[in-house]
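Colleague: Handing you this structure, nothing more for now.
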Amino acid sequence: MAKEGQPPGSTAKPRPKKLERLSKDKKIQKRPLLHPSIAGIHSSSKTPRIIYVSSKTPFISALKRAQKYFDASSKTPGIKLSAHDDRANLRAIEESVKKQQMEGQVVTLKGTGKAIEKVLQLGMWFQDQDAGARFAVIWRTASVGAVDDVVQKGDQGSEEGVSFVEESRIRRVSVLEVDVSLK
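Residue 1 is where the sequence shown starts when you use the UniProt record's numbering, and the numbers rise one by one after that.
Below, the structure is given as structure tokens:
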């Protein structure tokens, strides 16, 4: 049955429970976000090209890194042409051009927290290049679960260098993903 002040037929979602307050002898220790390893510039065209941007990443360095991915994707192996068959040569050239267009290389820039502003600036830079005629930019927002450990305050270096984790907590972190591709 609907509560007072709600339209009939709607059901209220239960609110998530708040986490308990930490006692004074405990603190939260953040773990780094998990992500797959970064693909090399000359790796397969099927591997996703992702650049993780932090708040300390220099703007120009991130731009150059993305440009390297685009430059590496534009270098394609030569087409083998035969000296006798012109029609086969034309077909080979057309197929390679179609293949390059279908493989539209995408570079994804990702940033969380304070780095969202920097990713936004990078995306705007790519969008403004040649009045948007050179790059196609797609924006996505998401949220990722980050794991934090609750540890005792004085356990920085135990006898054996091991601090015991009493519990773990999951917090949600905002992510901005910008997909940049050549038009």
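Every residue gets a Cβ at the ideal spot worked out from N, C-alpha and C, and that includes glycine.
For Lys17, which of helix, strand or coil comes out of DSSP?
Modeller: coil
Colleague: Suppose contacts are defined by Cβ-Cβ distances below 8 Å. Is Val150 in contact with Ile170 by that definition?
Modeller: no
Colleague: Starting from Asp149, follow the beta strand (DSSP E) in both directions and report where the run begins and ends.
Modeller: Phe135 to Gln152
Colleague: Could you say which of Lys153, Val178 and Glu117 lies nearest to Ala136 if we only look at CA atoms?
Modeller: Val178
Colleague: Here's the rule I'm using: 16 or more other beta-carbon atoms within 10 Å means buried, otherwise exposed. How should Leu90 be labelled?
Modeller: exposed
Colleague: Since Lys114 and Phe59 should fall inside the 8 Å C-beta cutoff, what is the C-beta to C-beta distance between them, to a whole number of angstroms?
Modeller: So it is not a contact: roughly 14 Å between Cβ atoms.
Colleague: Does the beta-carbon distance from Val175 to Thr112 come in below 8 Å?
Modeller: yes
Colleague: Going by CA-CA distance only, name the one from Ile93, Thr57, Asp130 and Tyr69 that's closest to Thr108.
Modeller: Nearest neighbour of Thr108 by Cα position, chosen from Ile93, Thr57, Asp130 and Tyr69, turns out to be Tyr69.
Colleague: Excluding sequence positions up to five away, which residues of its chain have a Cβ less than 8 Å from the Cβ of Ser168?
Modeller: Val147, Asp148, Asp149 and Val150, listed in sequence order.
Colleague: Tell me the DSSP secondary structure of Gly111 in three-state form.
Modeller: strand
Colleague: When DSSP builds the beta bridges, which residues end up paired with Gln29?
Modeller: Asp149
Colleague: Over what stretch of residues does the beta strand (DSSP E) that includes Asp130 continue unbroken?
Modeller: Run containing Asp130: none; DSSP gives neither H nor E here.
Colleague: Quick check on Ile51: buried or exposed, where buried means 16 or more other Cβ atoms within 10 Å of its Cβ?
Modeller: It counts as buried.
Colleague: Compute the Euclidean distance between the alpha carbons of Pro14 and Lys24, then round it to the nearest angstrom.
Modeller: 30 Å
Colleague: Anyone know if the C-beta pair for Lys27 and Lys153 falls short of 8 Å?
Modeller: Contact annotation: Lys27 and Lys153 have beta-carbon atoms nearer than 8 Å.
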